[in-house]
Ligand code: OAD
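Numbering (the numbering used here), first residue to last: 4 to 233.
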C-alpha cells in the first residue's frame, strides 16, 4: 500500500513542543506576523533571529525527544510492507530522530539556515545572528532561517502532489487544517481515490472531508490504528 502521512504540530505536542494555535493565536508568546512573515523579518530581523534561536535551543535541549507517534511512523516505514512518505509541516527534526527517512519538510527546517543570495542551506545547530555570514558566497551574505513564512511558497510541492495522486491511504496527524496548501491535501488525495483518516485531539477544520476519524493523543492512538493495517 502507498501511504502519505501529513503531520502537524500536534504530533510533537507530547514531546513538549507547543502547538501554534494552542489557545490564544500566539506562537510562544509572539504574534505570527512578527516572527513568521517576510515583513516581520524585514521590520525586525533581530527579533526573528532570536525567536528561532530560542526554538532551536528548546528543540536541542535534553528534555526533547521523539514520542511514540514519531516512533510508530518510523517503524511503519522500516517494516517495508508499505511505501510510506511523511510530509510534515513541522520544522523540528523529531521524525528523523525517530528514524524516518522518507520525509519532506514542506515548511522548512529549524536546524538549517539559508543564504539570502544563493538559496543554499547550511546546517544551523547553534544560534544564528544578523552578523553571521554564509560560507557559500564571497563576500559572505546574510543567512535567514530555512523556514517557510506566511506568504511564501511551501517546499517540494510537486513531489507532494505526485504522491497524493498515487496513494491508497492519506493519514493526517495533529494538524488543525487552518493553513493551506496542506489543508487541501485531503481533498486532493480523495479525488484520486485514497482512503483518508484523521488523527487529532479534536475535529480539524477539514474533518468532514475524511472517511474516518480517531480522536485522542497521537502517541497512544496512532500505533493502535497502524496495527489495523493489512
Ligand atoms: P496547529 O497548532 O494549528 O494545530 C495542531 C493540532 O494538533 C490541533 O488541531 C490540536 O488539536 C492537535 N493536537 C494537539 N495535541 C495533540 C496530540 N497529542 N495528538 C494529536 N493531535 C494533537 O498546528 P498545525 O496544523 O501544524 O506554518 O499548523 C500548521 C502551520 O501553521 C504550521 O506549520 C505553521 C503554522 O503557522 C508555518 O510556520 C508556515
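A virtual CB, placed ideally from N, CA and C, is assigned to each residue, including glycine.
Residue(s) in a DSSP beta bridge with residue i
i	result
residue 30	33
residue 91	10, 108
residue 136	145
residue 218	203
residue 115	126
residue 120	Residue 120 is not bridged to any residue.
residue 227	DSSP output for residue 227 lists no bridge partner at all.
residue 5	86
residue 150	111
Whole-angstrom distance between residue j and residue i, CA atom to CA atom
i	j	result
residue 140	residue 123	10 Å
residue 11	residue 178	4 Å
residue 42	residue 149	16 Å
residue 69	residue 134	33 Å
residue 58	residue 160	25 Å
residue 40	residue 22	18 Å
residue 107	residue 89	6 Å
residue 216	residue 60	35 Å
residue 75	residue 173	16 Å
residue 104	residue 13	20 Å
residue 230	residue 79	10 Å
residue 220	residue 204	6 Å
residue 186	residue 56	28 Å
residue 44	residue 146	12 Å
residue 30	residue 24	7 Å
residue 127	residue 110	16 Å
residue 131	residue 163	30 Å
residue 125	residue 156	20 Å
residue 199	residue 77	20 Å
residue 84	residue 114	31 Å
residue 95	residue 129	14 Å
residue 120	residue 226	43 Å
Reference residue i, options the options, closest by Cα
i	options	result
residue 34	143, 81, 153, 74	153
residue 16	222, 230, 228	222
residue 158	77, 187, 92, 138	92
residue 193	103, 169, 89, 216	169
residue 54	65, 38, 195, 231	38
residue 71	224, 183, 233, 232	224
residue 137	166, 73, 116	116
residue 166	196, 155, 142	196
residue 5	63, 78, 86	86
residue 98	227, 132, 8	8
residue 232	18, 19, 82, 50	82
residue 118	64, 77, 142	142
residue 101	163, 73, 32, 151	73
residue 63	49, 19, 183	19
residue 184	84, 151, 50	151
C-beta neighbour in chain D for residue i, strict 8 Å
i	result
residue 107	In summary, chain D is missing from the structure at hand, where a single protein chain is found.
Say whether the stretch 161 to 181 touches the stretch 206 to 222, bearing in mind that this needs 3 or more beta-carbon pairs closer than 8 Å, one atom from each stretch. Yes, since at least three Cβ pairs between the stretch 161 to 181 and the stretch 206 to 222 fall closer than 8 Å, the two stretches touch.
Whole beta strand (DSSP E) elements within the stretch 155 to 203, 3-residue minimum: Taken in chain order, the complete beta strand (DSSP E) segments of 3 residues or longer contained in the stretch 155 to 203 are 172 to 176, 198 to 203.
Identify every run of the alpha helix (DSSP H) within the stretch 28 to 81, keeping only runs that are complete inside it and at least 4 residues long; order them along the chain. Whole alpha helix (DSSP H) segments, 4+ residues: 35 to 38, 41 to 46, 48 to 62.
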